[in-house]
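Be aware that the sequence shown starts at 434, since it is given in the numbering used here, and climbs by one per residue.
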Amino acid sequence: MSLAIVFGGGGVRGAFQAGVWAEIGSYLQPDFVIGSSIGAINAWATIRLTPTALADWWEHRVPNHLWPRQTQPLRQLISAISAQPAAKPWPALAVATRLRARRSHVVTLTETNAAAWLLASAAMPGWFSPQRIDHHLFVDGGVANDLPVAIARDLGATKILAVSALGLGPTPAIGDVPVLYPPKHTGAMFDFSLKHRQILLQAGHQAGQAWLQSRDAQSFLASSY
Numbered sequence: 434m435s436l437a438i439v440f441g442g443g444g445v446r447g448a449f450q451a452g453v454w455a456e457i458g459s460y461l462q463p464d465f466v467i468g469s470s471i472g473a474i475n476a477w478a479t480i481r482l483t484p485t486a487l488a489d490w491w492e493h494r495v496p497n498h499l500w501p502r503q504t505q506p507l508r509q510l511i512s513a514i515s516a517q518p519a520a521k522p523w524p525a526l527a528v529a530t531r532l533r534a535r536r537s538h539v540v541t542l543t544e545t546n547a548a549a550w551l552l553a554s555a556a557m558p559g560w561f562s563p564q565r566i567d568h569h570l571f572v573d574g575g576v577a578n579d580l581p582v583a584i585a586r587d588l589g590a591t592k593i594l595a596v597s598a599l600g601l602g603p604t605p606a607i608g609d610v611p612v613l614y615p616p617k618h619t620g621a622m623f624d625f626s627l628k629h630r631q632i633l634l635q636a637g638h639q640a641g642q643a644w645l646q647s648r649d650a651q652s653f654l655a656s657s658y
């Protein structure tokens with residue numbers, strides 16, 4: 434059995450994912466974690482921050498504003514996460530979209546490539562410019578697959594848990610995979626204000642706690658070891 438955790442795209446709703454992970458992360462030992470857009474950044478953070486620390490970073494270290502065309506705050510956040518020593522053994526994978534082909538491109542993140550590929554994975558059209566890597570242009574992973582469950586399955590995962598951030602892109606072939614969703618009407622995707630992040634974090638904590646208490650979670654966890 435191969436266990437994958439999947440984080441979807443959705444801007445500031447990545448805070449919801451961090452709240453969920455703070456509750457469930459210590460119960461899981463995935464074979465890999467994969468994400469699109471902000472979910473890719475959270476995936477990278479799971480191997481460098483404890484579940485509780487990731488939620489704390491979302492409250493205290495994530496910038497209060499992400500302006501169009503200005504990637505420096507996001508770049509600084511990624512660099513700060515990358516500077517933390519690796520604490521978990523699983524690989525983190527990012528999904529970007531190759532612009533010309535409109536096809537998903539998956540890369541295993543390392544200390545040397547994380548900054549470039551995470552910026553590409555989060556390069557939402559109309560908000561951030563495409564990122565050029567190896568002579569190709571890449572945009573947000575959510576353009577082709579916002580919740581890359583199907584990609585995780587293609588990579589060999591036989592057990593998958595997904596945490597959505599209600600991004601705008603397609604979510605093909607989810608099937609019967611359990612997905613934790615943030616509440617609807619959670620505010621604008623790019624409202625990174627502290628108050629909004631705290632609301633989403635709290636919603637994530639509650640969703641994670643509720644999932645752990647469910648019968649589905651007990652069955653999922655029992656079959657994951």
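Backbone N, C-alpha and C fix where the C-beta goes; we use that ideal spot for every residue, glycine too.
Check: Buried/exposed call for Gly608, threshold 16 Cβ in 10 Å; Outcome: exposed
Check: Proximity of Phe623 and Asn497 at Cβ, strictly below 8 angstroms; Outcome: no
Check: Residues that DSSP places opposite Lys592 in a beta bridge; Outcome: Leu436
Check: Between the CA atoms of Leu633 and Thr619 - distance to the nearest angstrom; Outcome: 7 angstroms
Check: Cβ pair count under 8 angstroms reaching 3, the segment 566 to 574 against the segment 522 to 540; Outcome: yes
Check: Buried or exposed (CB count within 10 angstroms, at least 16 for buried), Leu627; Outcome: exposed
Check: Three-state class that DSSP yields for Arg630 in the structure shown; Outcome: helix
Check: Best match in Ala590, Ile593, Ala553 for proximity to Ala577 [C-alpha to C-alpha]; Outcome: Ala553
Check: Touch test, the segment 500 to 519 against the segment 545 to 562, Cβ-Cβ under 8 angstroms, three pairs minimum; Outcome: yes
Check: Residue environment, Ser459, which counts as buried when at least 16 other CB atoms sit within 10 Å; Outcome: exposed
Check: Integer Cβ distance of Ala555 from Ser515, believed to fall under 8 angstroms; Outcome: With 8 angstroms as the limit, Ala555 and Ser515 do not qualify as a contact, their Cβ atoms being about 14 angstroms apart.
Check: Span separating the alpha-carbon of Ser435 from that of Ala513; Outcome: 30 angstroms
Check: Which listed residue (Gln631, Gly641, His629, Gly600) has its alpha carbon closest to that of Pro611; Outcome: Gly641
Check: Per DSSP, the bridge partner or partners of Ile566; Outcome: His569
Check: As assigned by DSSP and simplified to three states, the class of Arg536; Outcome: strand
Check: Cβ shell of Pro605 (< 7 angstroms), same chain only, five flanking positions each side left out; Outcome: Asn578, Ala583
Check: Residue range of the unbroken alpha helix (DSSP H) whose run includes Gly452; Outcome: 447 to 457
Check: Alpha-carbon to alpha-carbon, Val540 and Ser469; Outcome: 11 angstroms
Check: CA-to-CA distance, Arg648 to Gly472, given in whole angstroms; Outcome: 26 angstroms
Check: For Gly575 and Leu660, believed in contact at Cβ under 8 angstroms, the rounded distance; Outcome: Any answer about residue 660 is impossible in this case: the structure gives the chain only from 434 up to 658.
Check: Nonlocal neighbours in the same chain, by C-beta distance under 7 angstroms from Leu654, ignoring five residues either side; Outcome: Tyr460
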